[in-house]
Structure formats: C-alpha cells, structure tokens
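Residue numbers (our numbering), protein chains in the order written: chain A, 1 to 329; chain B, 1001 to 1329; chain C, 2001 to 2329; chain D, 3001 to 3329.
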C-alpha cells in the first residue's frame, strides 16, 4: 500500500488533520456518527460457513486504521444471505474484537417492521452502538412516504440504540422520498442517513432541510465522498475503505481541512476502484481485491459467483491504472 | 357474486369445458402444473400474528372452486414478512385442509442458495407438491444467467419435489434471461415457470424454445391470462383468483375450449380489478377486496399499510364499473 | 422464401381466409384501418441521399402482398433523419406507385403541435390516406394526459385525414396514459392507435374502454401480433412485414379465421427474427435482412451504423434457426 | 431581487472574486468555455411566433450580469419546437445584441449527423462562438460508443467553431458512455461537455480521464453546481441563471475563491428553485418564474402547457421558502 507521502500530503497538513479528526470524533454527542466506516465483508469457509476467525483478523487490522467505526452486516456483509442468528453473531464478534472507541453500526433491516424491531433489539444486545436500517423493498410499489415513515418510526420508537436510515436504490430499487427523510429526521432516535444513491443534489437538499435537527448524512460510497463532504455530509460508509482504508480516511481529512485541491486528486484515483468493487462487479470483486491488499476476502455465498478471469483482470486494471497496484507482468 | 350464466356462457359449452378440464387435470405426469391457482393471502390477527383459523376457512372455500391448486407463501402471501417457521407452518396447514387432489405449490425462495435449498426441503416435508422459487434479487446487478442457472440447479438438484421458476420483475427488479430459462428447462426437476412480467412476446418465446422439454409456463397475473393461453401458457397464478376464482377458472375454460370470443369479453372485465389488487394498490387491496367477496382478508403486516379511503373507493370502482360489485349508493 | 404450404396451412383454410380478408377490408368505413402494414424503410444512396428509385421498386413488390397498406415515414423509415421536404416527397412517391386500394398511412409527428399540424396537412396533400402521429417526447417529463390530449386534439381538429395515435416507448421513453387514449378515442377524426409497447394487458384494456367509439388498435410489432389479435386488436404495423410480408399476413389470416393452433406455430417462428430487426439491432438490421430477402435495404443515415460482422451473423442466425433462411455454410 | 450583501458575502471577498473571474475569463485559449451560462428561453407571442423583441430585451439584461455567455437554443430554448430557420435567426439576434466579449454557445444538435453538420455551419455563420451538440436519441438503443463517436467526429471535423458535447439523459434517455467522451476529448475541435445528468461521480471521472486534453466540463444544472466545481468542473449551464443570474455567478465566485462554506449556504438555497424550473415543472415554470423576476417569459409552444394554478403556487413556494421571493399574502 502507498504511504501518505506518496499522495503528496505534507506532514504539516497531516498534523492539522489529526487535530481536526480528534476534535471531530471526541466531542461527539450520543448518536454523532461522523467519520469513515468500511462496510465490512463476511468471510466464509469453503463450505460457505461464516468464518469467524478470518472475520476477527480483518477487524483487528481495521482497528488500526483511523475509521470512526465499522458497518457490520450491511449490503457488503451479504446480510440477506445470513440467518438471524448469523447476523447477530457476526456483530457480537466484531464488537468483542474492535477497540471500544470505535463504533459498531449494525445492519438490522428486514422486510417486515416487526422483524426489523426484533433484529434491532438483538443487535443492540450484541453490542451495536447504532443500527443501519435499509428500506424494505420487496413491495416497493407501496413503499411511499406514509409506509416508510410508519416503518422507521416503529423501529426507532423501540430501538435501544440510535437508528440510521439506509437508502441504497441499486439494491432496493427505491428511494426514500426527501419529505419522508425530513419528517423522520425529527425523531429523537433517528440520527442520520446513509445515502448510497449518488445524487449529490439530493444529498445537499437533505442536509439543507434537516439542519435544524440532530441529523447527519453519510455518503454511501467512496465515488462521491468528496462531493458529499462539499455539500455537507459528515462522513462515509465506503466499500472501498475495506481495501484502501487509509486513503479513504485521508480523503476525509483533506475535505475536513479544506484542502480541496489535494482532495480532488485523491478522489479521482478512487473512483474506478470504487466502481469496480461496487456497481460494476459487486461484493465478489470487493472480496477479491481484499485478498490483494492483505485481508481475508474469499468467496461469497451463492448465488453470488466468483469473478470470471476476464472480470478479475479488469478489476485489477481498475486498481493498477490508478496507481494502487503494480501493473501486472 | 355473479353466476356463470350471467357471463353468457351456455350450459353446453360448460359441459365441454368440464370434460376438457377433467382430461387436462387427470392425466397429469409428475410435475404437470397446468391450471389456475390463487396465490393465497395470509390472514393476520390484529396483533399481526398469523391467523391460522381464518387461513383454513379461506382454504376450505377455495377447495370448492375448480382450481388446480393453491400457491402458498408467494408474493401475495407476504412471504418476505414471515419467519421460516411461519412460512412452513402456513404450508402445512393449507395441505391439511385442502382436498388431496389439489396441488400445494409453496413459495420457497430465499436470497441465498443455501437457505432456498433448506426451505425447499422443509416445504416438501410440510406437504408441498411443488415449490415456486422466486429469483434472488438483492444483488440484482450480479444476477446474470450464470448466477441464476447455478442457483436454480443447486435448488433443483436437492429438491424432493418439482421446482417452478418464478419471475416477478415488479417485485424483484430483474428478469431471468430467456437463455437461462431455456437451460434450466432441461433440468429434470424443473417443470415450469410462473411469469409475472406481462411481456407476452417473452412468454411466447419461452414456450417456443422449451417445447422439447417437460416444461410449462403459467401466466403470473389475470390481466394477461387469455393472451398467455393464446401463445401457449397452460395456466395461471392469479391474485384475482382469490376474489373472482370462479371467473378466472371460467376464463381458463373458455381459452381451453377455444371460445376466444367469450374469453375476450370476460378477460376485458378482469383487467381493472386485477390491476387494482396487484400493481396499483397491492396486497392491501387484495385483502380489502377479499372481505367484500366473503373471504377473510384483514390487514397486512407493516410496513404495508391499509388503503386510504380514497384508494378503497377507487378499488371498489374498479370492481363495480366492471360489473363485479354493485355501484355504491 | 417459403410458400404457405410449407407452413402447414391447408388450401381450404386459405380459401376461408381469403374470403374473410376480402370482407374485412372491403366494407371499411372511412378511417377503418384494420389489416397488416409494413412500416417501410427509406433506401439511401451511398451519399445518404434518399433513393427514390429503390423506394419505388420496394413499394411495387409490397403492392403484391396482401397488406392493407404501408406505413410511410414511421420509425423504421428513419423519419427523424429526413427533412420536412424529404418526408413529404417519400410519401408522394409511395402514393404514386402503390395500388389505389392500398392505404398510405404517413408518419407526420413532430415535436411541436404546430409543426405536426403543418406536416399532417402536407402529408394529406401528398396523398396520405391516414396519418400516424408519434408522441412528442423531448420534454417527456411534461407529456402528461393534459398535454397529450391538447396536442392530439389540435392535430386532429385540423387534419384533412384521419389520425392514428402512435405509442412507441422504446423510442420515446413515454406511454400515452390509457385515460388519454380513451378521451382521444372520442374525437371523430382520431380512428385508432398503433401500440408498440408490447404490454398486451394495456392493449386489451384500451380495446375494452374504447369499444363504444370508432376506434381500432393495431399491434406495433410482429412479436405480439397474435396475442394482440386475441385480445381485440385488428391489425398490425410490423417491421418484420418488410421482410416476411406474406407470413405476417398469413398470421393475420390465421387469427381472423380462428385457427389459433396454426397461428401459434407461425407466431413462434416470427419472434426472434422480429426482435432482431427491432429492439435488438434496429433499422440497420431491418435493412440488412431486406437485402437477403430480395428488397433494397442498404445503409442508414448516420448516426445509425451498419451492423458489425458479429451482429450480422447473429441476425442471420435469428432467421435461419427459425427456418426463414438456410443455415450458412 | 436580493443584493449580494444579503447573501452575506463581504465586499473584500467580492473584490478577490472579481479578480479571479477576470483572470479566469481573460486569458482564455480558443475554445475555453469556463464560466456560467444561462440557457436562455425563447419568448413567443400569443400566436406562438418567436418574439424577437422580447428576446432582445432579455439578452440586454443578461448582458449586464457577469455570465461568460449565453447558451442559445438549448433544451430550455425549446429548440425541438423551432424550425431550422427560427433556430438560426434566434442565434443571430442574440449575437447582435450581446456584448462582444460574451460567448454565444448555440445548440445545433439534430437527430441525423448530416443535419447536425449543416445546422452547425449555419450557427457559426449566424455568429455562434461555440456549438452545443445534444446526443441524437430517437434510436437510443443503437446510440452506443461507436455511433456517438462517429457522429461527433463528423460534426467536429466540419465545424467552423469549437464543439461542446451535451449529455442530458432526462430529455434523451441516454448517457454518452464515459469511454466515448474520453475518445472524443482528443479531437482538437471538441472542447468540452455539458453534463446535465447530475451524477457527480461521472463528472469527476470524466474530468480525471480527460485532463491531459484541452477539455472542460460544465455542470448542466445549478442543483449540483458547487459539487461539480468541487470535483473539477469549470462552469455551468444553469436554467436557474435565467432567473437568479447574479446568484449563480456568485456561487461560481465562491467556488473559485475557495469559500466553500459560503458557497454551500448559497447552493442549498438554489436547489429547490432549480428543481422546480427543471425536472419538476420544466420550461413552463422557468418562463413563469422569469416573469416574476423581471424578464419576458410567457408561454411555451404546444404541446408544453402553462402551469396549473396549483403548480404555479408550488413553484412560487420553492422560491419563497428559500428567500428569493416574499411569501405570498
């Protein structure tokens, strides 16, 4: 992995950033979620059992990167493939291994409100500091503001920990309407939104219209992290942070310290790798690239398939052409 | 409810139809799924518990309609809102109540292949004659032919009962590619497809390209049931059959007996009620209309909401303007 | 080309059909548009000028096929690439060459209402019997029922000839709402709809809700022609009829005479060739295939490009695998 | 209209900005397009004729705002509704009235390559400094990289003035693929892209991958102008600049001078008004709001309709709730 120096950031600006980061993270009110989070992958054994040992080894490494915390059992954790028990167990183990000062944000969304309420409670018992609740989506034609406000209000009313809304249209095929987000932002136990749709106008509008509330917006992808910071987001849940964690944190620092020129240069180089491990090739690519960067990735549960050789080659190129891997021989 | 006579079908043609129907249903090979199925709703108590008594009462009524069988725990059964145990229990109860000669086609699809394999086995143990396996969809960007062929092959290899593919893009946001359907049609334990997308060209092409296999296509909605029969489908899984069961069976009969003129007249009158209880207002409307027609409907589990007054009024109009309910005072 | 015999239709049924066809086409009221139409292509010279000679030769051949008429300057005529003068001139030439009893249905849609009004008048002067008016679409976000009803009413009010609505979402990105079609069907100078979207439920509903008016629906593609007939359409405007004109007319005959079994067999074999020259490869493929079947096709105007070798090979296979061309050596 | 002071920008920062702006605009190479442009509307008389007098009066006012120039006959100029002659005449008049140092960027895109080539030549003769060429879109299924690269290369080869690519998926239903943009950026006569899609990740990637070329990216909307600047865009073509021109220029200044905090506050207040005059209500709303702010707006050509009363009220609220209009009595 490249050092910070290679990215052209001076030591002095590092010092400034460190200071800002500390400040940013230390004075946090309950439910302050600002910062960078990798939505961690779930390693499996060859027979597709959850591999808790490899999970713990990954978490130990992540613990040394200046992340605000980890998102556990989000989309990149293959949550729809795990049983209720597995989802909870993964969160418990992460909490045990991760340093105390780091947040565990646990994905607890299910299709029904009642299942989400129960899962949320279990996640809190397992040690989650916050829960990330994806929109129900199977009946997307009926998931209007009325339904979503009711759903999230029920969940937040009963949740022992703060709730973060999770909008990810690439997976769910729906967007939480802005008016619903605004209404929900007024709930004392709803503290933010992870917005993965990539529409920065929407992000800005949500920040604008929720600013009188204790409500924070996290970018859902490294591809538009800098733009999101520019318009008022306060962090990011970035799949790419599983692989280039230091760099994503550095991008955060550059944005927080107003070094927009440097931030832009770094942002540019993260776009193609990020797209490759998300929209283009998905979780299988994320896990493949994790292997190249010293983490345990491994295979996905079926029906997700390993990358084809051509896909793996293209994935590698998306990293190497941006200077993150040597060009292959 | 209107009698058959009111629909203008003579007694003689009824006799012919009865004969055809009997023949159609009696000489069935293993895995022959032709016929009409209501995808039954799951009644809940006021506290959103599964109401098995009401379920049984509905099933007893459905048992007297010339359906081929029932689809249990499909999309209209709110399967994503039920636990594994609830899904299985509902199927078990339906099997106990339903006359032996009627098929139970049980929804057993889950997001992961392994969960689908297990659910399929449990459904078979609970008495399902066939399983209906919806496409996994959360990672829809990666659900290409390769992934879907692998998924369904694994499931079919291990399933104790025949497997029916289930394509429902309105819920899943994806279509099983035709080439994948063709490949899968060659599996000895995959016997058909429920196609809910409404693209009749696609239906015709699939019938055409799978005709050398023991493979049958069912229309997934009453809105295009007649057109689907015209191009070679052999039945339908129709939400509207929960309400206008006799009429949907009559439409089947008219198609099978080549009474296309009468079929067309009946088909026309089913479109708006069908759209109302599916695409337009969804399961909540289905359950509301069931109440009007003497079945137990009741509420849905959250996050699905009851219809607003305006919606209920429009729903009623979609039935009354087509002669299925009296015009309201 | 294959003879009718090869398609397995007996002489007797042919005789019946001929009779029906004659009757169907002879007693037509003004504005009766039932029947099959190829939407003819516009041949160009190597320098992309309209090649009127080749156009006329094609039209002479089409004149001998039992089409109801020709659609001139529709989407397959590359109308958006022609100047106003070219569009009118092409229609004039077709009218001169085509036998009198055949209809010329001329595409006269433009983005603005005023341009459409003028073009419609010019088309009538050039000899068009009917005009086919595509939905304006550049400002599709605002093309709601109100705007479309206003547009078509203005055009129909001033048109010297009957107007046919033209819905083609693959090109325009919008659907005329059903309620707008129903309202417009009441206009005395609006006589029908060419529906190319392929949603047979929509076709059936429109037929149902406009049946008290003199209003006819034509299928906009050979892929769902039979299904459209089944639910009440009275003809088709089919790109494939430029190539397999006799066969598309035969499919019409089989549907009109109630030979649904034979119709189905023929319909199956038309789907892949039809998709190839429409959705899959577009006008360039239509023109390429026309060359194989003895018509003048040639190139398209830029920016449409000729097929790549691989595409041409796949196109050929879509015809040969359905028995319309010999398998290549 | 509000003064700059009201927006909280100090005089000193204004001075800095003025300096930057002058420098930015003065040392421009041929084809340097940086800066803010309103895509001006076309006023019509009551009989829908182009109203050149009102056009000129608007242009005179725009001439006093620190725009880089005007986009004439873009989507907001209703170009698809104008004849070739009208399009050219409008550009000629604008050029005559607009101060020499301001650029005229003229929309010259047509569906066919040959028409675009001719229109481009005519626009240059009419005084356009640059042409803005929208993607052809009627045959969008075939507008792949190969077709678009061919199209734009032909146009740029023959154009007397520099060419700007124009990507506006809301109107065209297609995106120029990034690889096509990168290839086209190498053409010596293609100088930039107007990107209206709002995907800031795409904007950043295009800036990144074209940076070795003389190629500039303009944001196509005020909604994401600040974010676009943050990732390397150098200006914007913003419908809202027709109404709040000073404010959009001020947003540019704040971005150029690195006053991101102030920029953000201003950006927030522009989003809802911008959405209202673009995606939500379109050109009719733009023209309505122009009237409120002292410009000639008036009606659109049909089929675009005037706003309903409810729409006009909502439009007004989108301005007033952000402080740009007094709240209505």
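Note that beta-carbon positions come from the ideal geometry of N, C-alpha and C, so glycine has one too. For clarity, every value in this text was computed on a predicted model and none was experimentally measured.
Asked                                                                                                                                                                                                                         : Found
CA-CA distance, residue 190/A and residue 159/A?                                                                                                                                                                              : 10 Å
Do you know offhand how far residue 1320/B's Cα is from residue 1327/B's?                                                                                                                                                     : 5 Å
Is it buried or exposed for residue 3244/D, if we count other Cβ within 10 angstroms and need 16 for buried?                                                                                                                  : buried
Which residues in the same chain have their Cβ closer than 6 Å to the Cβ of residue 3107/D, if we skip the five residues on either side of it in sequence?                                                                    : 3073, 3074, 3079, 3132
Whose Cβ in chain D lies nearer than 9 Å to the Cβ of residue 2283/C?                                                                                                                                                         : 3139, 3142
For residue 86/A and chain B, any beta-carbon pair shorter than 8 Å?                                                                                                                                                          : no
Based on the DSSP output, what are the partners of residue 1216/B in its beta bridges?                                                                                                                                        : 1192/B
DSSP state of residue 1041/B, grouped into three classes?                                                                                                                                                                     : coil
Run through the stretch 2199-2287 of chain C for me and flag every whole beta strand (DSSP E) of 3 or more residues, listed as ranges in chain order.                                                                         : 2216-2219, 2235-2237
From which residue to which residue does the beta strand (DSSP E) around residue 166/A run?                                                                                                                                   : 163-167
Looking at C-beta atoms only, is the number of pairs between the stretch 2197-2209 of chain C and the stretch 2133-2145 of chain C that lie closer than 8 Å three or more?                                                    : no
Would you kindly work out how many angstroms separate the C-alpha atoms of residue 3268/D and residue 3246/D, rounded to a whole number?                                                                                      : 16 Å
Once you ignore the five residues that flank residue 1148/B on each side, which residues in its own chain have a CB closer than 6 Å to its CB?                                                                                : 1176, 1180
If you count every other CB in all the chains shown that lies within 10 Å of the CB of residue 2046/C, and 16 or more means buried, which is it?                                                                              : exposed
Going along chain C, which residues have a C-beta under 7 Å from residue 1201/B?                                                                                                                                              : 2198, 2223, 2224, 2271
Whose C-beta lies closer than 7 Å to the C-beta of residue 3065/D among residues of the same chain, with five residues either side of it excluded?                                                                            : 3245, 3246, 3249
Residues of chain C with CB closer than 8 Å to the CB of residue 3148/D, please, in chain order.                                                                                                                              : 2303
Tell me, which residues are paired with residue 1130/B by DSSP?                                                                                                                                                               : 1105/B
Secondary structure at residue 2077/C, three-state DSSP: helix, strand or coil?                                                                                                                                               : helix
Whether or not the stretch 1153-1169 of chain B and the stretch 1102-1116 of chain B are in contact is what I'm after, with contact meaning three or more pairs of Cβ atoms, one per stretch, closer than 8 Å; do they touch? : yes
For residue 2200/C and residue 1200/B, which I take to be in contact (beta-carbon distance under 8 Å), what is that distance rounded to the nearest angstrom?                                                                 : 4 Å
Buried or exposed for residue 301/A, going by 16 or more other Cβ atoms inside 10 Å?                                                                                                                                          : buried
Quick check on residue 2188/C: buried or exposed, where buried means 16 or more other Cβ atoms within 10 Å of its Cβ?                                                                                                         : exposed
Can you name the residues of chain C whose CB is closer than 9 Å to the CB of residue 1093/B?                                                                                                                                 : Under the 9 Å cutoff, chain C gives no residues; its nearest Cβ is about 33 Å from residue 1093/B.
In chain B, which residues lie with their C-beta within 9 Å of the C-beta of residue 170/A?                                                                                                                                   : 1140, 1141
Are the beta-carbon atoms belonging to residue 3241/D and residue 3286/D less than 8 Å from one another?                                                                                                                      : no
With the cut-off set at 8 Å, would you say residue 264/A and residue 3232/D are in Cβ contact?                                                                                                                                : yes
Any Cβ of chain C within less than 8 Å of the Cβ of residue 3299/D?                                                                                                                                                           : no
For the pair the stretch 222-231 of chain A and the stretch 81-91 of chain A, tell me if three or more CB-CB distances fall below 8 Å.                                                                                        : no
Inspect the beta-carbon positions of residue 3082/D and residue 3038/D and report whether they are closer than 8 Å.                                                                                                           : no
Show which residues of chain B have a CB atom less than 7 Å away from the CB atom of residue 380/A.                                                                                                                           : There is no way to answer for residue 380/A, as the model of chain A reaches only from 1 to 329.
Give the interface partners of residue 2151/C over in chain B, defined as CB-CB distance under 8 Å, in chain order.                                                                                                           : By Cβ distance, chain B contributes nothing, its closest Cβ being about 26 Å from residue 2151/C, past 8 Å.
Taking the alpha-carbon of residue 3051/D as reference, which of 3297/D, 3313/D, 3315/D has the nearest alpha-carbon?                                                                                                         : 3297/D
Does the beta carbon of residue 1204/B sit closer than 8 Å to a beta carbon anywhere in chain C?                                                                                                                              : yes
Which term fits residue 313/A, buried or exposed, when burial requires 16 or more other beta carbons within 10 angstroms of its beta carbon?                                                                                  : exposed
Put residue 35/A into one of helix, strand or coil per three-state DSSP.                                                                                                                                                      : strand
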